[in-house]
Every structure is written in structure tokens, then in C-alpha cells.
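Asker: Same order as they appear, the protein sequences are chains A and B.
Residue 64 in the numbering used here sits at position 64 of the first sequence, and the numbers go up by one each step.
Residue 232 in the numbering used here sits at position 33 of the second sequence, and the numbers go up by one each step.
For each residue, glycine too, the CB sits at the ideal point set by N, CA and C.
All values reported here derive from a predicted model rather than from experimental measurement.
Would you mind keeping the following structure in view while I ask a few things?
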Amino acid sequence: MGRRLSIDQSIDDEELIKQFQEGNLYAYDMIVQRYKDQLLNFAFRFLGSIEEAQDVVQETFLRLYQNKHAYRRIAKFSTWIYTIAGNLAKTELRKRKRRKLVSISDLSFDEREYEIKDVQANIERDVDGSLKEEIIQRAIDELPPRFRQIIILRDIQELSYEEVGAIMKIPLGTVKSRVNRARLKLQAKLEDIMDRGGN
Amino acid sequence: MNNCDKFLGSISNYIDGDLQKAEQAFMEEHELQCLPCQKKALQIRQLTRRLPRLPRVKTTPSFDLTLHARLRAEINRKRSFSLFPHLGIVWQIPAYAAAAILFIGLGIFLDRLLVRQNFVSPTSIVPVVVEESLPKTSSHPNPDNPPSPQTKLSHYVGLKQINPKELWRREGTALSYEEKRRTLTSIKDSVESGRYKSRESVLNLRQANVSIPF
Numbered sequence: 001m002g003r004r005l006s007i008d009q010s011i012d013d014e015e016l017i018k019q020f021q022e023g024n025l026y027a028y029d030m031i032v033q034r035y036k037d038q039l040l041n042f043a044f045r046f047l048g049s050i051e052e053a054q055d056v057v058q059e060t061f062l063r064l065y066q067n068k069h070a071y072r073r074i075a076k077f078s079t080w081i082y083t084i085a086g087n088l089a090k091t092e093l094r095k096r097k098r099r100k101l102v103s104i105s106d107l108s109f110d111e112r113e114y115e116i117k118d119v120q121a122n123i124e125r126d127v128d129g130s131l132k133e134e135i136i137q138r139a140i141d142e143l144p145p146r147f148r149q150i151i152i153l154r155d156i157q158e159l160s161y162e163e164v165g166a167i168m169k170i171p172l173g174t175v176k177s178r179v180n181r182a183r184l185k186l187q188a189k190l191e192d193i194m195d196r197g198g199n
Numbered sequence: 200m201n202n203c204d205k206f207l208g209s210i211s212n213y214i215d216g217d218l219q220k221a222e223q224a225f226m227e228e229h230e231l232q233c234l235p236c237q238k239k240a241l242q243i244r245q246l247t248r249r250l251p252r253l254p255r256v257k258t259t260p261s262f263d264l265t266l267h268a269r270l271r272a273e274i275n276r277k278r279s280f281s282l283f284p285h286l287g288i289v290w291q292i293p294a295y296a297a298a299a300i301l302f303i304g305l306g307i308f309l310d311r312l313l314v315r316q317n318f319v320s321p322t323s324i325v326p327v328v329v330e331e332s333l334p335k336t337s338s339h340p341n342p343d344n345p346p347s348p349q350t351k352l353s354h355y356v357g358l359k360q361i362n363p364k365e366l367w368r369r370e371g372t373a374l375s376y377e378e379k380r381r382t383l384t385s386i387k388d389s390v391e392s393g394r395y396k397s398r399e400s401v402l403n404l405r406q407a408n409v410s411i412p413f
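As C-alpha cells, then:
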């Protein structure tokens, strides 16, 4: 399999990926351990499904393994791996939309009405502490992907504006104005969900 | 832009404390005066405090096992299909392209080398064919019945094994009778003088009792 050298746990990400590029698989394992939960949270908030999020994170680490030499030290490793995960999550979202389009168009009118009622019933049924999280997640799910991604990176993952800009490949000014719009939209969505009876 | 639009346009920076003094003062003043904006600011403050505290999901124990299985499958797939197993996917395509160019270049080089050494593969010999309609014995063009200038050289003789490039190049244009005569004469001379070491060609020429039709 390759070299397996012991690595100081405090070593930074950039040094780890360098060692992995030189063939040290233990460095790869350490990267996986460091990032798997962070990336899972990001993907889970983006997709709203734990199974799909796990798939996306696994695919991210697989891509990292396959394309380890594509990383150059000019960028922070964390922004690079978040970019891969973000792109894969967006692809998953597009696939899901296509699947939904097909499955909903297959239903008769009566069946569609039943599906919508069922979703609303779920919101009203779980009136406990976890409801709020569900409502927030539902509001996040209703945001357009570019606003959803920026809210997750900035407000849930608590990355800096500079890191968010590097991941989304947009300038700092655009990051700030998009965060502003995303927060306003999320607040409006939450109000809307509450008014529909989600609280 | 009215004051509410201005307030909402900078609400994130205001909440993050990322404004100049004058802007900060305007925001504080507007928040005190405008109830709808005050409500929005309050809700966004709550939201930005709540979002980082959302429960964190964790990978299941099977995550690492599944990932390792996928990696092993990937490594095995690479080993069995790739000519360049040590290269990443990004470098595989250029590597295959370079290999293809090298392969083609080597082919061209060997082709030229063999032509220079007057080697013709026995398997590439095409029997020499002489058109029956051509005059076989006359050493001069028949002015009453000259062959058509459009007739291709390959109709006179199967020349591919002798100089396919020249034949191909020249057949692209309509040759004059004089040009065909010169080409055929030079080919016949080359074969008979042994410049092209194709014994079969010489034999075929002899057996066919080739006489150049001019």
C-alpha cells in the first residue's frame, strides 16, 4: 500500500497533504479523520439527508485520493476540499431534482395532493425541542443553492469571509453582500414556515 | 434608497460589528425608530446565534469501512487497467496522449527507416498488373490512340509496394501522358537495377512481360 510513517498530530493540513502526495497513506488517513465530520455536517445541511451526505463525503475523499497531485500549496487545503465537497453536493442536488421531477410527474393528481398534505402533517406532529432544528433545516432547504451554501459555510460552519470566498470562488465584497441577502431570505422563509403552521 | 432599504442592505455587517462609526450610528438610530426593521434585526441576530449551535452529525462506524473498501476497489481498478498506475486521474489523460503520439511517431520513423534501407515487406507485394488495353510493344506514344490523361498510374502497374507516397501524391492530380511515361520508366529502372530489393516485384514484372507502353 505504501509508506506508513508516524505523524505528529499537530501537523498542519498543508504538510499532511504534502506527505500524502509523497506516498504516505497515514497522512491520508489523518486528513480523513480531521475532515470527515466537518464535511458531513456541511453536506448534511446542504442536502438535508444523512445518507446522501455520507455518499458525498465518501466521494470527496475518493476524489482526494485519485487527484492528490491536483492540489497546489497556493490554496488552503480546507478551502480546496470544501470546494470538492460543495461541487459534489450541488451535483447530488441536481440529480435529486431530476429524480423528483420524474417521480412526481408519474403520480396522478390525487396522489400529488396526498404527498403535500403528508409533508405538512410531519411539521405539525413533532412539537418538541427538535422541531426548531427541523424548521430551520426546512427553511435552509428552500433557499436557492448559492444562498444555502453561503449560509452553511459562514453561519453553520463558521468559516471566515475569506475562506468562503475562496471556496465559492467569489470576491470578498460579493461574499458579504450574498451573506446579507441569504440571511434576509432565510429569515423570511422561517417566518413563512411559521405562518404555515410549522411552530 | 430609503432608510429601511439602506438598513437592510447592511444588516449583516451591522450584526457582525463590521461597519464604520458613521454607518454604525445610522443603523443604531434607524433600529430604534423603525419597528419592522427592529424585528428583522432581532430575528437575524437570533438566527446567527442559533445556526452554529445546530446539532452536529457524525459519521457512522461503517463510514471508514465503506471508504476503505471503495479505496481498495479503486486501487485494484487502477492497477488492472492503467498503464500509468502511479499517476493521478488528472495526469492519466496527458500520459495516454503522449504515449499515442510517441507510438505514431515511432511508426513514422520506422516507415522512413525501412524506405531508406530499401526494404519492402514481402507481404506488401501487390502483383504487377499491366492493362491489356495499353500498347505493349511500342516504344513511342501512339498519336492515334493515346491513353487518357485521366487514367491513374495504378491502372498501369500495382505500384503501391514501390513508392506509395509518391503514387498517392501524384495521383491526386491528373497526370499528363509524358509524366506517366517518366514515372513508369523510373520505376522500371529502379526495380531492375535492384534499388528496391523486391525480388517478387522483379519476377512479377518479368512474368507479366512488362514493356513500358512508350
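Please confirm if Leu301 (chain B) has its CB atom under 9 Å from at least one CB of chain A.
Answerer: no
Asker: If contact is defined by three or more beta carbon pairs under 8 Å, each pair taking one atom from either stretch, is the region 227–239 of chain B in contact with the region 203–210 of chain B?
Answerer: yes
Asker: Within 10 Å of its beta-carbon, does Ser78 (chain A) have 16 or more other beta-carbons around it, so buried, or fewer, so exposed?
Answerer: buried
Asker: For the region 243–268 of chain B, list every residue whose C-beta sits within 8 Å of some C-beta in chain A, in sequence order.
Answerer: Ile243, Leu246, Thr247, Arg249, Leu250, Pro251, Leu253, Pro254, Arg255, Val256, Lys257, Thr258, Thr259, Phe262, Asp263, Thr265, Leu266
Asker: Quick check: the region 37–46 of chain A against the region 69–77 of chain A, are there 3 or more CB pairs under 8 Å?
Answerer: no
Asker: Going by beta-carbon coordinates alone, are Tyr161 (chain A) and Lys185 (chain A) separated by less than 9 Å?
Answerer: no
Asker: Any beta carbon of chain D sitting closer than 9 Å to that of Val56 (chain A)?
Answerer: Among the protein chains in the structure shown, which are A and B, there is no chain D.
Asker: Per DSSP, what kind of secondary structure is Asn24 (chain A) in: helix, strand or coil?
Answerer: Strand at Asn24 (chain A).
Asker: Residues in the region 178–191 of chain A with C-beta within 8 Å of chain B's C-beta atoms, listed in sequence order?
Answerer: Val179, Asn180, Arg183, Leu184, Leu186, Gln187, Leu190, Glu191
Asker: Can the beta-carbon of Ile193 (chain A) be found less than 9 Å from the beta-carbon of Arg138 (chain A)?
Answerer: A contact, by the Cβ cut-off of 9 Å.
Asker: Let me see if you follow: with CB-CB separation under 9 Å, is Ile210 (chain B) close to chain A or not?
Answerer: yes
Asker: Look up Ser177 (chain A) in the DSSP assignment and say whether it is helix, strand or coil.
Answerer: helix
Asker: Between Ala145 (chain A) and the rest of its own chain, which residues show a CB-CB distance below 7 Å, the 5 nearest in sequence each way excluded?
Answerer: Here residue 145 (chain A) turns out to be Pro, not Ala, going by the sequence shown. Counting only Cβ-Cβ distances below 7 Å, and skipping sequence neighbours, we find Lys90, Leu93.
Asker: Would you mind sorting Phe308 (chain B) into buried or exposed? The rule is 16 or more other CB atoms within 10 Å of its CB.
Answerer: exposed
Asker: Which residues bound the alpha helix (DSSP H) around Ala53 (chain A)?
Answerer: Annotation: the continuous alpha helix (DSSP H) that includes Ala53 (chain A) extends over 50–66.
Asker: Cβ of Ile136 (chain A) within 9 Å of Cβ of Leu250 (chain B)?
Answerer: Contact: yes.
Asker: Does DSSP put Thr79 (chain A) in a helix, a strand or coil?
Answerer: helix
Asker: Rounding to the nearest angstrom, what Cα-Cα distance links Leu383 (chain B) and Arg311 (chain B) in this structure?
Answerer: 22 Å
Asker: Run through DSSP, which three-state label would Gln9 (chain A) get?
Answerer: If DSSP states are grouped into helix, strand and coil, Gln9 (chain A) belongs with coil.
Asker: Determine the closest residue to Glu142 (chain A) out of A:Ala182, A:Thr174, A:Ile167, with distance taken between C-alpha atoms.
Answerer: A:Ala182
Asker: Verify whether the separation of the beta carbon atoms of Ile11 (chain A) and Leu64 (chain A) is less than 9 Å.
Answerer: The Cβ-Cβ distance between Ile11 (chain A) and Leu64 (chain A) does not fall below 9 Å.
Asker: What's the C-alpha gap between Leu190 (chain A) and Arg196 (chain A)?
Answerer: 10 Å
Asker: Which residue's Cα is closest to the Cα of Arg96 (chain A): A:Tyr28, A:Ala53, A:Glu22?
Answerer: A:Ala53
Asker: Please report the residue range of the alpha helix (DSSP H) in which Pro145 (chain A) lies.
Answerer: 145–151
Asker: Does DSSP put Asp217 (chain B) in a helix, a strand or coil?
Answerer: Three-state result, Asp217 (chain B): coil.
Asker: So is Glu22 (chain A) in contact with chain B if we call contact Cβ pairs under 9 Å?
Answerer: no
Asker: Using a beta-carbon distance cut-off of less than 9 Å, what residues from the region 225–240 of chain B approach chain A?
Answerer: Lys239
Asker: Select from the region 214–225 of chain B all residues with a C-beta closer than 7 Å to any C-beta belonging to chain A, and list them in chain order.
Answerer: none
Asker: What is the DSSP secondary structure of Arg73 (chain A), reduced to helix, strand or coil?
Answerer: coil
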